[in-house]
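In terms of our numbering, the sequence shown opens at residue 767 and continues consecutively.
Single-structure report; data block below.
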Amino acid sequence: MRDTKRLIEENNEKRKLLNDENLGLYEDFLLYIRTDLRVAEYESEELLMDLLDHMLEAQHEGRSGTELLGSDPKAYADELIEGLPKDKKRDVFPFISTQVSNSLGWFALVLSIVHLILPLFTEIKAPSPIGNLIVLALAVLGVSALGVKVIFTLVRSSLFSEKKAAKRAYLKAGLFGGGSFALILLFSWLLPDFGPTILIEWWIYLIIALILLATGKLIQRAYKTH
Numbered sequence: 767m768r769d770t771k772r773l774i775e776e777n778n779e780k781r782k783l784l785n786d787e788n789l790g791l792y793e794d795f796l797l798y799i800r801t802d803l804r805v806a807e808y809e810s811e812e813l814l815m816d817l818l819d820h821m822l823e824a825q826h827e828g829r830s831g832t833e834l835l836g837s838d839p840k841a842y843a844d845e846l847i848e849g850l851p852k853d854k855k856r857d858v859f860p861f862i863s864t865q866v867s868n869s870l871g872w873f874a875l876v877l878s879i880v881h882l883i884l885p886l887f888t889e890i891k892a893p894s895p896i897g898n899l900i901v902l903a904l905a906v907l908g909v910s911a912l913g914v915k916v917i918f919t920l921v922r923s924s925l926f927s928e929k930k931a932a933k934r935a936y937l938k939a940g941l942f943g944g945g946s947f948a949l950i951l952l953f954s955w956l957l958p959d960f961g962p963t964i965l966i967e968w969w970i971y972l973i974i975a976l977i978l979l980a981t982g983k984l985i986q987r988a989y990k991t992h
């Protein structure tokens, strides 16, 4: 039995055989199903592979993807999703662990850059209050979790629609990302210092960032291989 990673790689290769019209329609299907976090990943990839095979067969027979999938592809995609099994808790845990590791990793990377570059232009307090770091880390995790849901929702709303609608959705996603980052910066500036302080050099933040990002990557790779 092919594992999830093998299915994704095979899908990437076989998609190249679709013509431009069918490719656009199929990739809308692909994103719509992959961004639905309720369904099991392996079964989703099996469904996408079966759908791709049917589209390639229809294309070979001279039929378009619209003829195969109908005039309302979004409704058809929803119908297919309803038939998929829900994701199990043992599958959700690695996904959440990956997001936590990546979010904290990028947070530590930003701190390393700030502590490396900012002293070149202004004087900053060397010791970091532990309480502030914990609160900021929790804020980053909260915004990241919300961001995944918001961005996935915006991306899904842009599929099976005109290019203008897609551009508006991506613009909203960009504004959400930029606005969230600005809010975290403002929050860190307004947050009063509390808790014991600890001296953390920029390179320590960098090492922590690399460890967390590598951990997230390892979990993701293990998760992709069932």
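A virtual CB, placed ideally from N, CA and C, is assigned to each residue, including glycine.
T963: not part of any alpha helix (DSSP H); member of the beta strand (DSSP E) spanning 963-965, first to last residue.
When DSSP states are grouped into helix, strand and coil, P885 belongs to the helix group. As far as DSSP is concerned, S863 takes part in no beta bridge. Just so you know, the alpha carbons of P885 and G943 end up roughly 27 angstroms apart. The Cβ-Cβ distance between G913 and S863 does not fall below 9 angstroms. In chain order, L850, P851 place their CB closer than 7 angstroms to the CB of E809, counting only its own chain and leaving out the 5 sequence neighbours on each side. Here the alpha carbons of L956 and G897 stand approximately 14 angstroms from one another. Between S867 and A824, the alpha-carbon positions lie close to 43 angstroms from each other. Inter-segment contact for the stretch 841-848 and the stretch 792-799 is present: three or more beta-carbon pairs are separated by less than 8 angstroms.
Beta-bridge annotation (DSSP): S894 is paired with I964. With a cutoff of 9 angstroms on beta-carbon distance, L979 and G871 are scored as near each other. Here the stretch 821-839 lies against the stretch 787-796, with 3 or more beta-carbon pairs under 8 angstroms apart.
Per the C-alpha coordinates, the member of K938, S927, L949 positioned closest to A905 is L949. Its chain contains T864 as the residues whose beta carbon lies nearer than 7 angstroms to that of Q986, once the 5 sequence neighbours on both sides are disregarded; these appear in chain order. It is roughly 23 angstroms from the alpha-carbon of G961 to the alpha-carbon of L972. Straight through space, the alpha carbons of F887 and L803 are spaced by roughly 44 angstroms.
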